[in-house]
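Line by line, the protein sequences give chains A and B. 1 is the number of the first residue of the first sequence in the working numbering; add one for each residue after it. 1001 is the number of the first residue of the second sequence in the working numbering; add one for each residue after it.
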Amino acid sequence: MSEVQRKKYSDKEKNSIFDHEFMPHIDSMYNFAYRLTFDEDDAKDLVQDTYLKAYRFINSFEKGTNAKAWLFRILKNSFINEYRKKSKQPSKVDYQEVETYYNSDNVDYTMTSDLRVDAVKDMLGDEISNALNSLAVDFRTVIILCDLEGFTYEEMAKILDIPIGTVRSRLHRARNLLKDKLRSYAENMGYDTEEE
Amino acid sequence: MDKNRNKSSESGKRKLNCSDESKCFELLESILDGEETSSSKEILDEKLAKCQPCFEHYHLEKVIREILKNKCTKQMVPAELADSIRQKIQEIK
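The following block contains the structure:
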């Protein structure tokens, strides 16, 4: 993310950075790409394009810094610029609408949930995955970055080009939407989700 | 944040209403995301011991994070992807 600072790596250094700092993240990159596109071929193309870009712009990467966040940022931007339009499953919520409506940093944290811990614990991987996949891409993305990949708020802010306050509020909203989904699954499973 | 602390009738019982849910929940979520470090453990212990809404919110949020991390199966990376990337890099060199 230190794009201003230009390095001049030798070919040997470039290969070393690529092999030791970039390629170890291919699993996480592919999973992120797959959860964005829901398509194996699109995910492969997206990861490949990201790595080609990373190599092309390797001089703007500072050796030893956060390669994973740097790569995720490139992947996210490639997705927005190139894949979003042709993605086989278009996001269900209009992007602009999400941006304007949900980007307020003043989030109501008081929303109480009648979802039970036990019901959530009994859920299967497929149900969790489907609930996550059903979220609009901006909400899905923050959950993937935070909970599946373990990025900090600060790293997420850099990957997504948004302020930390927005990361925090978007994440909170994303989890609330996820809880709504899980609550409807819990009802189908016969769990009583009403308040006592 | 803890104005009602002394109002909890019996010791060991959690108060049923949180006086500042919004701030507490935000803090609890930050702690779960690993964002709060300084003295968060003490604050957390106190809230969970004394406030029922905080207790419930914390445990639900915690389990949500756990199932996301543990149950969202990872997609197998196609075996040929890494080779294909290396080959493309050779071509643009």
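The C-beta atom is built at its ideal place from N, Cα and C for all residues, glycine as well. A quick note: this is a predicted structure, and the numbers were derived from the prediction, not measured.
Suppose you measure from the CA of Ile26 (chain A) to the CA of Phe32 (chain A); what does that come to, to the nearest Å?
10 angstroms
Using a Cβ-Cβ cut-off of less than 8 angstroms, list which residues of the region 1062-1085 of chain B approach chain A; keep chain order.
Contacts with chain A (Cβ-Cβ distance below 8 angstroms) from the region 1062-1085 of chain B involve Val1063, Ile1064, Arg1065, Ile1067, Leu1068, Lys1069, Lys1071, Cys1072, Thr1073, Lys1074, Gln1075, Val1077, Pro1078, Leu1081, Ala1082, Ser1084 and Ile1085, listed in chain order.
Glu155 (chain A) burial status per 10 Å Cβ neighbour count (16 or more: buried):
buried
Pick from A:Phe57, A:Lys8 and A:Asp39: whose alpha carbon is nearest that of Phe22 (chain A)?
A:Phe57
Any C-beta of chain E sitting closer than 8 angstroms to the C-beta of Arg170 (chain A)?
Of the protein chains in the structure, A and B, none is chain E.
Give me the residue from A:Gln48, A:Lys63 and A:Asn77 with the minimum Cα distance to Pro1078 (chain B).
A:Gln48
Which residue wins for smallest C-alpha separation from Arg73 (chain A), given the options A:Lys158, A:Tyr185, A:Arg140 and A:Tyr34?
A:Lys158
Taking only three categories from DSSP, how would you classify Lys1074 (chain B)?
coil
Residues in its own chain within less than 6 angstroms of Asp147 (chain A) by CB, not counting five upstream and five downstream?
none
The alpha helix (DSSP H) with Tyr185 (chain A) in it runs from where to where?
Ile164 to Asn188
Where Ile143 (chain A) meets chain B, residues with beta-carbon distance less than 7 angstroms
Leu1068
Report the option in A:Phe151, A:Ser129 and A:His172 whose CA atom is closest to the CA atom of Tyr34 (chain A).
A:Ser129
Does any CB atom of chain A fall closer than 8 angstroms to the CB of Lys1088 (chain B)?
yes
How many whole angstroms separate the CB atoms of Ser16 (chain A) and Leu46 (chain A), which I take to be in contact at a CB cut-off of 8 angstroms?
Contact flag wrong, Cβ pair sits at about 25 angstroms.
Mind listing the chain A neighbours of Asp1045 (chain B)? Cutoff is C-beta to C-beta under 9 angstroms, in chain order.
Going along chain A, no residue has its Cβ under 9 angstroms from Asp1045 (chain B), so there is no contact; the nearest lies around 19 angstroms.
Limits of the alpha helix (DSSP H) - the one that Ile17 (chain A) falls within:
Asp11 to Ile17
For a contact defined as C-beta to C-beta under 7 angstroms, what are the partners of Asn31 (chain A) on chain B?
Lys1074 and Gln1075
Please state whether DSSP places Lys8 (chain A) in a helix, a strand or coil.
Of the three classes helix, strand and coil, the one that applies to Lys8 (chain A) here is coil, per DSSP.
What residue does the alpha helix (DSSP H) around Ala157 (chain A) start on, and which one ends it?
Tyr153 to Leu160
By the criterion of Cβ-Cβ separation under 8 angstroms, what are the contact partners of Gly125 (chain A) in chain B?
Counting only Cβ-Cβ distances below 8 angstroms, Gly125 (chain A) has contacts in chain B at Lys1071, Cys1072 and Thr1073, in chain order.
Is the CB-CB distance between Asp138 (chain A) and Arg168 (chain A) below 8 angstroms?
No, these two residues do not count as a Cβ contact at 8 angstroms.
Could you work out which residues of chain A lie near Ile1092 (chain B), taking near to mean beta carbons separated by less than 9 angstroms?
Leu52, Tyr55 and Arg56
So for Lys1069 (chain B), helix, strand or coil by DSSP?
helix
When you compare only the Cα positions, how much space is there between Ile164 (chain A) and Leu182 (chain A)?
27 angstroms
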